[in-house]
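In what follows, a structure is listed as structure tokens, so that the remarks can point back to it.
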Amino acid sequence: MRRLLPAFVVALALSLPALAVQPDEVLRDPALETRARAISAELRCLVCQNQSIDDSDAPLARDLRILVRERLTAGDSDREVRDFVVARYGDFVLLRPPVNWQTALLWGGPFLVLLAGIVAIAIAARRRRVEVSTTAPLSDEEKARLAALLEWRDKDL
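According to mature numbering (1 follows the signal peptide of the UniProt record, and there is no 0), the stretch in the sequence shown is residues -20 to -1, 1 to 137, in order.
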């Protein structure tokens, strides 16, 4: 058990997100740095697209982190910084874009795919039910042949 603990600690440490913020980017004021980290965590890296700028090592992400810190140092509010970045790069830069007509497909897409899947399953089930229910009844000749086969089987058993 003691041998597993160090391995567990290492695995846990490796599973935590790595912050790409460089020491030269960190602001001296802890309150401003905390605000900068909070804003950076909400902004998407335009190169990586699946990471925040706080987690990305891309040069553009670094530029955006510096821009955020410059705006905060200049006295902008968190909202003003976010609005400034969105004005430059659009809603795509937000990891959680707002719900509006431009992002309707983004937010509604998963529900549309789910609905399409349900409709496809319903149509397939209905077709299968129609196919099963429309089988023609046996003709007199087929009934006689089936009866003969069943009698033959019963004789052998």
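Glycine residues also receive a C-beta, built at the ideal position from the N, C-alpha and C atoms.
This structure is a prediction, so every number in the text was calculated from the model and none was measured.
Please determine, among the options, the residue with the shortest C-alpha to C-alpha distance to residue i.
i             : options                       : result
valine 6      : Asp37, Ile19 and Arg49        : Arg49
valine 66     : Lys135, Cys25 and Leu85       : Cys25
aspartate 68  : Gly55, Leu47 and Thr83        : Residue 68 is actually arginine in this sequence, not aspartate. Ranking Gly55, Leu47 and Thr83 by Cα distance to arginine 68 puts Leu47 first.
tryptophan 87 : Val79, Asp120 and Arg108      : Val79
aspartate 9   : Gly55, Phe91, Gln29 and Gly97 : Gly55
Among all the DSSP beta bridges, which residues are the ones paired with residue i?
i          : result
leucine 74 : Leu23
serine 32  : Arg24
Residue i and residue j look like a contact to me (Cβ under 8 Å); what is the Cβ gap, rounded to whole Å?
i                : j           : result
threonine 53     : leucine 85  : Not a contact, Cβ separation roughly 37 Å.
valine 61        : alanine 41  : 15 Å between Cβ atoms; not a contact.
aspartate 58     : arginine 15 : 6 Å
phenylalanine 64 : arginine 45 : Rounded, the Cβ-Cβ distance is 14 Å, inconsistent with contact.
leucine 118      : leucine 130 : Not quite, the Cβ-Cβ distance comes to about 13 Å (not below 8 Å), so this is no contact.
*Is it true that the region 20 to 37 meets the region 71 to 84, where meeting means three or more beta-carbon pairs spaced less than 8 Å apart?*
In short, these stretches touch, since the Cβ pair count reaches three.
_Complete runs of the beta strand (DSSP E) confined to the region 93 to 135 [at least 3 residues]_ = The region 93 to 135 contains no whole beta strand (DSSP E) run of 3 or more residues.
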